[in-house]
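The block underneath contains the structure these notes are about, expressed in structure tokens.
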Amino acid sequence: MEALIFSVEVIGTIISVLMFLSPARTFWRIVKHGSTEEFESLPYICTMLSSLLWTYYGLTKSGEAVVAIVNGFGTLVETIYISLFLIYAHPNIRAKTGILVGIFDVGFFGVVILVTQLAMEEDARINAMGFLGAGLNIIMYGSPLAAMKTVVTSKSVEYMPFLLSFFQFLNGGIWTLYAILVQDYFLMVPNGTGLGLGMAQLVLYAMYRNAKPCMNVNDVSNSDVLLENGSQTQSLIT
Numbered sequence: 390m391e392a393l394i395f396s397v398e399v400i401g402t403i404i405s406v407l408m409f410l411s412p413a414r415t416f417w418r419i420v421k422h423g424s425t426e427e428f429e430s431l432p433y434i435c436t437m438l439s440s441l442l443w444t445y446y447g448l449t450k451s452g453e454a455v456v457a458i459v460n461g462f463g464t465l466v467e468t469i470y471i472s473l474f475l476i477y478a479h480p481n482i483r484a485k486t487g488i489l490v491g492i493f494d495v496g497f498f499g500v501v502i503l504v505t506q507l508a509m510e511e512d513a514r515i516n517a518m519g520f521l522g523a524g525l526n527i528i529m530y531g532s533p534l535a536a537m538k539t540v541v542t543s544k545s546v547e548y549m550p551f552l553l554s555f556f557q558f559l560n561g562g563i564w565t566l567y568a569i570l571v572q573d574y575f576l577m578v579p580n581g582t583g584l585g586l587g588m589a590q591l592v593l594y595a596m597y598r599n600a601k602p603c604m605n606v607n608d609v610s611n612s613d614v615l616l617e618n619g620s621q622t623q624s625l626i627t
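For what it's worth, my numbering labels the leading residue of the sequence shown as 390, then goes sequentially.
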């Protein structure tokens, strides 16, 4: 059993690292275009908060060092992603993103540390962190729902990165198996939820992968103006 648990830990660590790195292509596009376009910052904000909480959980509970290491790496990666988002986002989106980061990743996480350290004993602290981490993990896995709505309305999967959805599905599956083996329900519930939501994203991607994107009102207006001027180019709507 110990050998199986160790194998699952290794596989889970690799998949988690790949999941954290999967948006790299998206952010290369953002840097290249100098704009965040229609990409959402919420998934990265939620993932960072989840990573912070699970890092704290792994450091607090004995025998969960692998959880702390994996999510510590995730915290570092998400910090880079959010920094790039703040640099290249439209001023209004930048302000909204900055407020959300301040509220959740700084304010909320800081309050959690203060309350659990000053007002709780070790067992109560571990349980509190487990409940919070589980809740935030569910939000993290569900945060791409905003992108899924965009997919349905636009009939395009352009703004729902496939690799992120794919690795979230794998990540949910492998850590659900790990949670079953070590009987950690705080890990089992959110990652089981992530497995289901990841599968839903992949199904949606398969449905609209080859669909013809819908043209919105702004796109139509821009095309008319360009045709009247005797030229036709493709503009990027932010």
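Beta carbons: idealized from backbone N, C-alpha and C, even for Gly.
Report back the beta-carbon spacing between residue 445 and residue 453 to the nearest angstrom; my notes put them in contact at under 8 Å.
-> Residue 445 to residue 453, Cβ: 11 Å. No contact.
In angstroms, rounded to a whole number, what distance separates the CA positions of residue 405 and residue 584?
-> 13 Å
Do the segment 414 to 430 and the segment 568 to 581 make contact, defined as three or more Cβ pairs closer than 8 Å?
-> No, the segment 414 to 430 does not touch the segment 568 to 581.
Do residue 397 and residue 503 have their CB atoms nearer than 8 Å?
-> no
Could you check if residue 492 is buried or exposed, using at least 16 other CB atoms within 10 Å of its CB as the buried criterion?
-> exposed
If you run the structure through DSSP and keep just helix, strand and coil, what is residue 573?
-> coil
Among 442, 513 and 426, which one has its Cα closest to the Cα of residue 479?
-> Of the candidates 442, 513 and 426, the one whose C-alpha sits nearest the C-alpha of residue 479 is 426.
Taking residue 408 and residue 590 to be in contact with their CB atoms under 8 Å, please state how far apart those CB atoms are, rounded to whole angstroms.
-> So it is not a contact: roughly 13 Å between Cβ atoms.
Nearest candidate by alpha-carbon position, reference residue 466, set 416, 428, 537 and 588 | 416
State the CB to CB distance for the pair residue 515 and residue 450, rounded to an integer number of angstroms; the pair is presumed to be in contact (CB under 8 Å).
-> At roughly 5 Å, the Cβ-Cβ gap stays under 8 Å, so residue 515 and residue 450 are in contact.
Just the Cα atoms here: how many angstroms apart are residue 455 and residue 469?
-> 22 Å
Should residue 411 and residue 586 be called a contact, given that it needs their Cβ atoms to be closer than 8 Å?
-> no
Pick from 391, 392, 436 and 563: whose alpha carbon is nearest that of residue 525?
-> 436
Would you list, in sequence order, the uninterrupted alpha helix (DSSP H) runs of no fewer than 4 residues that lie entirely inside the segment 453 to 524?
-> 454 to 477, 480 to 489 and 498 to 508
Can you grab the Cα-Cα spacing for the pair residue 523 / residue 440, in whole Å?
-> 11 Å
To the nearest angstrom, report how far apart residue 464 and residue 458 are at their CA atoms.
-> 10 Å
Nearest-angstrom Cα separation, counted from residue 474 out to residue 572 | 38 Å
Assign residue 472 to one of two classes, buried (16 or more other C-beta atoms within 10 Å of its C-beta) or exposed (fewer than that).
-> exposed
Would you mind working out which of 528, 560, 510 and 593 sits nearest residue 539, comparing C-alpha positions?
-> 593
Three-state secondary structure (DSSP) at residue 599?
-> coil
Residue 559 to residue 462, Cα distance in whole Å?
-> Distance between the alpha carbons of residue 559 and residue 462: 18 Å.
Tell whether a beta-carbon distance below 8 Å holds between residue 494 and residue 438.
-> yes
What does a CB cutoff of less than 7 Å around residue 487 pick up in its chain, not counting 5 residues either side in sequence?
-> When the five nearest sequence neighbours on each side are left out, the beta carbons in the same chain lying within less than 7 Å of the beta carbon of residue 487 are those of 475, in order along the chain.
Residue 568 and residue 580: beta carbons closer than 8 Å?
-> yes
Tell me whether residue 542 is buried or exposed, calling it buried when 16 or more other Cβ atoms sit within 10 Å of its Cβ.
-> exposed
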